[in-house]
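In the order they appear, the protein sequences are chains A and B. Counting from 1, position 88 in the first sequence corresponds to residue 94 in the numbering used here; the numbering is continuous, with no gaps. Counting from 1, position 118 in the second sequence corresponds to residue 124 in the numbering used here; the numbering is continuous, with no gaps.
Protein chains: 2
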Amino acid sequence: MTHNTVDYARRIRQSGGRLTPQRRLILDAVCEGGGHTTLDEIYARVQAKVPTVNLATIYRTLDFLCDIRLVVRAQVGKQTYYEIASAEPHHHLICRHCGHEEELANQMVEAFFANIRQHYHFYIDSDHLTLFGVCPHCQQSPSVTTNA
Amino acid sequence: MTHNTVDYARRIRQSGGRLTPQRRLILDAVCEGGGHTTLDEIYARVQAKVPTVNLATIYRTLDFLCDIRLVVRAQVGKQTYYEIASAEPHHHLICRHCGHEEELANQMVEAFFANIRQHYHFYIDSDHLTLFGVCPHCQQSPSVTTNA
DNA sequence: TTACGTGCAAAATATTTGCAAGAAG
DNA sequence: CTTCTTGCAAATATTTTGCACGTAA
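Printed below as a string of structure tokens:
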């Protein structure tokens, strides 16, 4: 568990919510996902521990956790990923052909954002960028097509 | 209609597909969306002209058009937008507070992509980037909250 | 004790698929 | 002609909701 136990409990209560075992489980499941997890994965992890937890609860709780900003949603292609809001900003390069996924250094992204800030006075705070392209390997073997 | 009629017909045939009235209609509907349109909007536009076109055809055709890259999908929040691929790459800055949307110069994005290419040998071809942040105006009046 | 949160089942949406008929090339 | 596409209906998948009961505070 990466998150600070005391802190998240307070965050939940301060926003008028209650700290239930289900919410704890779901929050833990999001943490265990490391970078990002899908709703299905969260459901599976929670079920593995307490099989009675209902899918509807997962939906409702994730909405709740996003509302109070303990968790953030990240859209990658069609999938929605969930992650702990306090996590370090991180970004991905994904290959259209083979699906290969690679981490993109935040430093490089920050430089880009700084540039935008300078020119547009627009303060970017996207903390999860996903860029699609073609990886080095697939540039040499253009026939492979696993992924749309 | 923005797209070149001859060209798209060829693109479809060259990829082993057939140019049907439905595909024409759907392609037009995507064009009429200007920047980007949702599947629902496309369906509505097509229905307005030819009410017999089925929703399943919209799904299948958009998949097809994306496969042959006449059309691209752009994910903004929960919504999937469709747009003509040949359109100039364009990018947006969206303000989280007031929803203000601004165009981001492709040149700046290209520089960023070039940088990635150089360091990762990853050839980025995302042609529609959407970045969330805070616009100059809202940085001065931090209370406004129209958008999540 | 008093709302709030949960499980359950059902409803509302969204997307995909099989198949026979129609049409593009 | 031949094979790809479509419409239709049904199958799946996904997300939301109403309600009665349990429980955090």
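The C-beta atom is built at its ideal place from N, Cα and C for all residues, glycine as well.
- In the three-state DSSP reduction, A:H125 falls in the helix class (H, G or I).
- Taking the Cα of A:V77 as reference, the smallest distance to any Cα among A:F70, A:T67 and A:I90 is reached at A:I90.
- Taking all protein chains shown into account, A:S21 has fewer than 16 neighbouring C-beta atoms within 10 Å of its C-beta and is therefore exposed.
- The beta carbon of A:Q113 sits no closer than 7 Å to any beta carbon of chain B.
- Here the alpha carbon of B:G40 sits roughly 30 Å from the alpha carbon of B:Q145.
- The three-state secondary structure of B:L31, taken from DSSP, is helix.
- Per DSSP, A:T136 is one residue of the beta strand (DSSP E) stretching across T136 to V140.
- Between A:A62 and A:I48, the C-beta spacing is not below 7 Å.
- Take the alpha-carbon of B:A15 and the one of B:R75: they are about 13 Å apart.
- Proximity to A:C141 across B:Y65, B:L25, B:L68 and B:Q124 peaks at B:Q124, based on C-alpha coordinates.
- Within a 10 Å sphere around the beta-carbon of A:G139 sit 16 or more other beta-carbons, which makes this residue buried.
- For the C-beta of A:D131, the chain B residues within less than 8 Å are, from N- to C-terminus, R102, F138, G139 and V140.
- Judged by DSSP in its simplified three-state form, A:A91 adopts coil rather than helix or strand.
- Under the 10 Å beta carbon count, A:H42 is surrounded by 16 or more other beta carbons and is classified as buried.
- The DSSP-derived three-state label of A:T86 is strand.
- One alpha carbon belongs to B:F128, the other to B:V115, and they sit about 15 Å apart.
- When B:Y88, B:H96, B:I32 and B:L68 are compared, the shortest CA-CA separation from B:R51 is found for B:I32.
- Nearest to B:H134 by C-alpha distance, out of B:H96, B:Q85 and B:F119, is B:H96.
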